[in-house]
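Enquirer: End of the sequence shown sits at 109 in the UniProt record's numbering; the numbers just go up one at a time, nothing left out.
The structure is given below, and queries will be raised subsequently.
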Amino acid sequence: MSEITTIVLFEVPEMHAERFLLDWQESNAFMTQQDGLIEGTLYQASEDNALYRFVNIARWASEEALDRARDRLRLQLAERGIDQKATWAVLGIKVSPFSYSALVNYQRS
1 MSEITTIVLF EVPEMHAERF LLDWQESNAF MTQQDGLIEG TLYQASEDNA LYRFVNIARW
61 ASEEALDRAR DRLRLQLAER GIDQKATWAV LGIKVSPFSY SALVNYQRS
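Put into C-alpha coordinates, the structure is as follows:
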(Lines of atoms letter the chains of each structure in order from A and count residues from 1; the text may use other names and numbers.)
(Lines give C-alpha, C1' and ligand atoms only; values in the text may rest on other atoms or scores of the structure.)
Protein backbone atom coordinates (compact mmCIF):
# COMPACT_ATOMS: atom_id res chain seq x y z
CA MET A 1 0.00 0.00 0.00
CA SER A 2 1.34 3.41 -0.90
CA GLU A 3 0.31 6.88 0.18
CA ILE A 4 -2.05 8.76 -2.12
CA THR A 5 -3.32 12.30 -2.42
CA THR A 6 -6.95 12.89 -3.22
CA ILE A 7 -7.98 16.13 -4.89
CA VAL A 8 -11.70 16.82 -4.92
CA LEU A 9 -13.05 19.67 -7.03
CA PHE A 10 -16.41 21.15 -6.02
CA GLU A 11 -18.58 23.21 -8.36
CA VAL A 12 -20.88 25.04 -5.95
CA PRO A 13 -23.40 27.71 -6.98
CA GLU A 14 -22.77 30.84 -4.92
CA MET A 15 -26.26 30.70 -3.41
CA HIS A 16 -25.52 27.23 -1.95
CA ALA A 17 -21.97 27.85 -0.71
CA GLU A 18 -23.01 28.16 2.94
CA ARG A 19 -25.06 24.94 2.79
CA PHE A 20 -22.16 23.15 1.11
CA LEU A 21 -19.75 24.25 3.84
CA LEU A 22 -22.08 23.04 6.60
CA ASP A 23 -22.44 19.64 4.90
CA TRP A 24 -18.70 19.43 4.23
CA GLN A 25 -17.82 20.28 7.84
CA GLU A 26 -20.15 17.56 9.09
CA SER A 27 -18.62 14.99 6.73
CA ASN A 28 -15.13 16.19 7.60
CA ALA A 29 -15.77 15.68 11.32
CA PHE A 30 -16.46 12.01 10.51
CA MET A 31 -13.59 11.59 8.02
CA THR A 32 -10.98 13.00 10.42
CA GLN A 33 -11.72 10.08 12.75
CA GLN A 34 -11.03 7.45 10.07
CA ASP A 35 -7.89 5.33 9.96
CA GLY A 36 -5.52 6.25 7.16
CA LEU A 37 -6.12 10.00 6.97
CA ILE A 38 -2.80 11.82 7.20
CA GLU A 39 -3.83 15.43 6.62
CA GLY A 40 -6.03 17.59 4.46
CA THR A 41 -6.98 21.14 3.55
CA LEU A 42 -10.13 22.63 2.07
CA TYR A 43 -9.41 25.60 -0.20
CA GLN A 44 -11.81 28.33 -1.31
CA ALA A 45 -11.32 30.13 -4.62
CA SER A 46 -10.02 33.69 -4.46
CA GLU A 47 -12.10 34.72 -7.47
CA ASP A 48 -15.90 34.82 -7.35
CA ASN A 49 -16.21 33.47 -10.90
CA ALA A 50 -14.04 30.37 -10.36
CA LEU A 51 -15.60 27.18 -11.73
CA TYR A 52 -14.40 25.21 -8.72
CA ARG A 53 -15.40 27.31 -5.72
CA PHE A 54 -13.88 24.76 -3.30
CA VAL A 55 -11.03 22.26 -3.62
CA ASN A 56 -10.21 19.64 -1.00
CA ILE A 57 -6.73 18.12 -0.96
CA ALA A 58 -6.04 15.27 1.46
CA ARG A 59 -3.28 12.73 1.95
CA TRP A 60 -4.22 9.15 2.83
CA ALA A 61 -2.11 6.16 3.83
CA SER A 62 -3.55 4.22 0.87
CA GLU A 63 -6.32 4.14 -1.72
CA GLU A 64 -7.88 1.31 0.28
CA ALA A 65 -8.02 3.45 3.44
CA LEU A 66 -9.69 6.26 1.50
CA ASP A 67 -12.23 3.86 -0.03
CA ARG A 68 -13.06 2.39 3.40
CA ALA A 69 -13.53 5.86 4.88
CA ARG A 70 -15.80 6.95 2.00
CA ASP A 71 -17.86 3.75 2.34
CA ARG A 72 -18.24 4.31 6.09
CA LEU A 73 -19.31 7.91 5.53
CA ARG A 74 -21.96 6.87 2.99
CA LEU A 75 -23.25 4.21 5.41
CA GLN A 76 -23.31 6.65 8.33
CA LEU A 77 -25.26 9.21 6.27
CA ALA A 78 -27.64 6.53 4.93
CA GLU A 79 -28.39 5.36 8.48
CA ARG A 80 -29.54 8.92 9.17
CA GLY A 81 -31.62 9.02 5.98
CA ILE A 82 -29.25 11.38 4.17
CA ASP A 83 -28.38 10.95 0.48
CA GLN A 84 -25.75 13.67 0.14
CA LYS A 85 -25.06 12.93 -3.52
CA ALA A 86 -28.74 13.35 -4.45
CA THR A 87 -29.16 16.44 -2.28
CA TRP A 88 -26.13 18.12 -3.79
CA ALA A 89 -27.29 17.24 -7.32
CA VAL A 90 -30.58 19.05 -6.66
CA LEU A 91 -28.61 22.08 -5.42
CA GLY A 92 -26.38 22.04 -8.52
CA ILE A 93 -23.30 21.00 -6.56
CA LYS A 94 -20.97 18.86 -8.68
CA VAL A 95 -18.15 16.78 -7.21
CA SER A 96 -15.09 15.59 -9.15
CA PRO A 97 -12.80 13.37 -7.01
CA PHE A 98 -9.39 12.20 -8.25
CA SER A 99 -6.56 10.31 -6.54
CA TYR A 100 -2.86 10.77 -7.29
CA SER A 101 0.48 9.24 -6.30
CA ALA A 102 3.49 11.52 -5.85
CA LEU A 103 5.71 11.66 -8.91
CA VAL A 104 8.21 14.46 -8.21
CA ASN A 105 8.80 16.30 -4.94
CA TYR A 106 10.36 19.75 -5.14
CA GLN A 107 11.10 22.81 -3.07
CA ARG A 108 12.80 26.15 -3.40
CA SER A 109 16.57 25.75 -3.60
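A virtual CB, placed ideally from N, CA and C, is assigned to each residue, including glycine.
Tell me the rounded alpha-carbon separation between S99 and D67.
Expert: 11 Å
Enquirer: Span of the beta strand (DSSP E) holding L42?
Expert: 37-44
Enquirer: Ignoring anything shorter than 4 residues or poking outside the region 37-106, list the alpha helix (DSSP H) runs there in chain order.
Expert: Counting only runs of 4 or more, we get 63-79, 84-91.
Enquirer: For L75, I'd like the list of residues in its chain whose CB is within less than 7 Å of its CB, leaving aside the five on either flank, ordered along the chain.
Expert: none
Enquirer: Given a cut-off of 9 Å, decide if R72 and F20 are closer than it, judged by their beta-carbon atoms.
Expert: No, the Cβ-Cβ distance between F20 and R72 is not below 9 Å.
Enquirer: Can the beta-carbon of G40 be found less than 9 Å from the beta-carbon of A61?
Expert: Contact: no.
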